[in-house]
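Q: Below you'll find the structure I mean.
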Amino acid sequence: MNREQISLRNENYGKKIRAIFDNPLVMNLMPLIGFLIVLVVFTILTKGKIIQPTNINLILGQVYVLMIAATGVFMIMTVGGIDFSQGSILGFSSIIISWVSHYNIVLAVICGILGGAVMGAVNGFFHVRFRIASFIVTICTMYLFRGLCEYITTTGPVAASVGVVVLNKTWLKMLLTLIVLAIGFFTFTFTRIGFDLKAIGASENAARFSGSRPAFSKFMVFVTAGALTGFASFLNVMRVGSITGTAGTQMETQILIALVLGGMPINGGSKARFTNIIIGVLTYSVLQTSLPMVFTQSATQQLVQGIIFLIVVALTMDRKNIRVIK
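Each residue of the sequence shown is one higher than the one before, counting from 3 in the numbering used here.
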């Protein structure tokens with residue numbers, strides 16, 4: 003067999019492998035398969051410790067806030083955008099809830115949601131009105147809202163009322179998370195809203211001709227994402243009890259990584275699936291809990307994380323329709 007034949011054979015093998023991974027069914031199953039592989043591998047490496055009740059509770063403890071906040075970012079990514087300000091929104095909304103909780107807990111939750119919605123509206127306004135790329139706008143507001151958090155907490159942490167802390171029950175956090183996911187799933191899957199978001203992510207011009215209002219829809223997804231993170235802040239305050247200026251730091255990165263691990267297309271569009279949120283957050287939480295059990299050094303943990311994330315992105319990215327994030 004000469005070199006040309008070997009080269010042709012290797013090229014054919016490459017085409018067959020790419021065809022397998024480009025198959026829609028395989029693309030949809032890859033995140034779930036990836037989660038199961040991660041779970042099995044780390045169950046073996048930790049000698050079963052990861053599936054012990056204590057560690058399962060630890061994993062679930064990371065899931066609630068992240069999953070609710072990721073639901074909003076999922077909608078932003080569906081229309082082709084991105085949001086780097088969610089961690090700062092969580093921090094500022096948590097401060098609002100902690101303050102108001104001393105007067106009335108229900109009012110505190112409402113104020114937290116409204117505060118998050120207003121911050122999301124700031125993102126949406128500058129993105130839509132001035133046509134500034136979403137990642138630029140949200141990087142700017144990330145520093146703006148974080149600065150406000152640090153300024154307010156200069157004299158010390160903002161403590162919530164005891165009434166909020168005693169609500170820190172697993173069943174309550176799970177119930178609230180499931181309610182948000184159920185509403186989000188129904189809205190995204192069975193209503194015109196979900197259709198419009200996917201259409202805008204695929205092509206704004208085509209969506210406009212089909213009767214959608216891209217500018218309004220994009221503005222509202224930022225408002226909704228902010229409101230959801232404001233609600234997630236309530237669960238965050240339940241868990242920690244008092245808020246410092248660093249609350250929510252790096253959460254935007256955690257959300258983006260989780261969504262990518264769940265198979266969320268970077269470009270959004272019609273291939274976005276609501277299951278991307280659930281699978282992605284669970285995979286990320288298992289990794290975050292398992293890695294310290296296997297690798298004691300932080301540098302090694304980051305190295306392994308980076309390798310896993312690169313592999314997942316390489317396998318799930320839609321290279322045919324890749325474009326710049328809007």
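C-beta: ideal position from N, C-alpha, C; glycine also.
Over the uninterrupted alpha helix (DSSP H) stretch that includes residue 129, give me the two end residues.
A: Counting along the chain, the alpha helix (DSSP H) containing residue 129 begins and ends at 107-131.
Q: In whole angstroms, what separates the C-alpha of residue 210 from that of residue 230?
A: Rounded to whole angstroms, residue 210 to residue 230 spans 27 angstroms at the Cα level.
Q: Decide if the stretch 63-78 is in contact with the stretch 182-192; the criterion is three or more beta carbon pairs, one per stretch, under 8 angstroms apart.
A: As far as the Cβ criterion goes, the stretch 63-78 touches the stretch 182-192, which means the pair count is three or higher.
Q: Within the same chain, show all residues whose beta-carbon is closer than 6 angstroms to that of residue 332, passing over the 5 residues directly before and after it, in chain order.
A: No answer is possible for residue 332: the residues shown for the chain start at 3 and end at 328.
Q: Hey, out of 35, 62 and 136, whose CA is closest to residue 175's CA?
A: If we check each option's Cα against that of residue 175, 62 comes out closest.
Q: Which class does residue 141 belong to by DSSP, given the choice of helix, strand or coil?
A: Residue 141 falls in the helix class under three-state DSSP.
Q: Going by the DSSP bridge assignment, what does residue 244 pair with across the sheet?
A: In DSSP, residue 244 forms a bridge with 161.
Q: Which residue from 192, 88 and 41 puts its Cα closest to that of residue 146?
A: Comparing Cα positions, the closest option is 88.
Q: Could you give the DSSP three-state label for residue 51: helix, strand or coil?
A: Residue 51: helix per DSSP, three-state reduction.
Q: Starting from residue 189, trace the alpha helix (DSSP H) both ways and give me its first and last residue.
A: Element bounds for residue 189: 172-192.
Q: If you run the structure through DSSP and keep just helix, strand and coil, what is residue 57?
A: It is helical.
Q: Suppose contacts are defined by Cβ-Cβ distances below 9 angstroms. Is residue 292 in contact with residue 52 by that definition?
A: A contact, by the Cβ cut-off of 9 angstroms.
Q: So, for residue 247: in the same chain, excluding its five sequence neighbours on each side, which residues have a beta-carbon less than 6 angstroms away from its beta-carbon?
A: Here the set comprises 151, 152 and 155.
Q: Between the stretch 186-203 and the stretch 265-277, are three or more C-beta pairs nearer than 8 angstroms?
A: These segments touch.
Q: If you draw a straight line from the alpha carbon of residue 222 to that of residue 298, how long is it in whole angstroms?
A: Each residue's alpha carbon lies about 43 angstroms from the other.
Q: Applying the criterion that 16 or more other CB atoms from any shown protein chain within 10 Å of the CB defines a buried residue, is residue 208 buried or exposed?
A: It is exposed - the Cβ of residue 208 has fewer than 16 other Cβ atoms within 10 Å.
Q: Could you tell me the distance, in whole angstroms, from the CA atom of residue 69 to the CA atom of residue 280?
A: In a straight line, the C-alpha of residue 69 is about 7 angstroms away from that of residue 280.
Q: Please report the distance separating the alpha-carbon of residue 193 from that of residue 57.
A: If I take the Cα positions, the gap works out to 38 angstroms.
Q: Could you pull out every residue in the same chain whose Cβ sits closer than 6 angstroms to the Cβ of residue 113, ignoring the five residues on either side in sequence?
A: 98 and 102, listed in sequence order.
Q: Which residue from 284, 157 and 66 puts its Cα closest to that of residue 262?
A: Comparing Cα-Cα distances from residue 262 to each of 284, 157 and 66, the minimum goes to 284.
Q: Using beta-carbon positions only, say whether residue 172 and residue 237 come within less than 9 angstroms of one another.
A: For residue 172 and residue 237, no; Cβs fall outside 9 angstroms.
Q: Among the candidates 260, 275 and 287, whose CA atom is the shortest distance from the CA of residue 312?
A: Minimum Cα distance to residue 312 is reached at 260.
Q: For chain B, find out if any of its Cβ atoms is closer than 9 angstroms to the Cβ of residue 73; answer yes or no.
A: Considering every chain present, this structure includes no chain B. It has just one protein chain.
Q: Nearest-angstrom Cα distance between residue 128 and residue 83?
A: Whole-angstrom Cα-Cα distance: 13 angstroms.
Q: Quick check on the burial criterion: 16 or more other C-beta atoms within 10 angstroms. Buried or exposed for residue 256?
A: Residue 256 is buried by the Cβ-count criterion.
Q: Tell me whether residue 215 is buried or exposed, calling it buried when 16 or more other Cβ atoms sit within 10 Å of its Cβ.
A: It counts as exposed.
Q: Just mark residue 250 as buried or exposed, buried being the case when its beta carbon has 16 or more other beta carbons within 10 Å.
A: Buried, because 16 or more other Cβ atoms sit within 10 Å of the Cβ of residue 250.
Q: Would you check if the distance between the CB atom of residue 190 and the CB atom of residue 77 is smaller than 9 angstroms?
A: Taking 9 angstroms as the Cβ cut-off, residue 190 and residue 77 qualify as a contacting pair.
Q: For residue 332, which of 59, 239 and 79 has the nearest alpha-carbon?
A: With the chain covering only 3 through 328, there is no way to say anything about residue 332.
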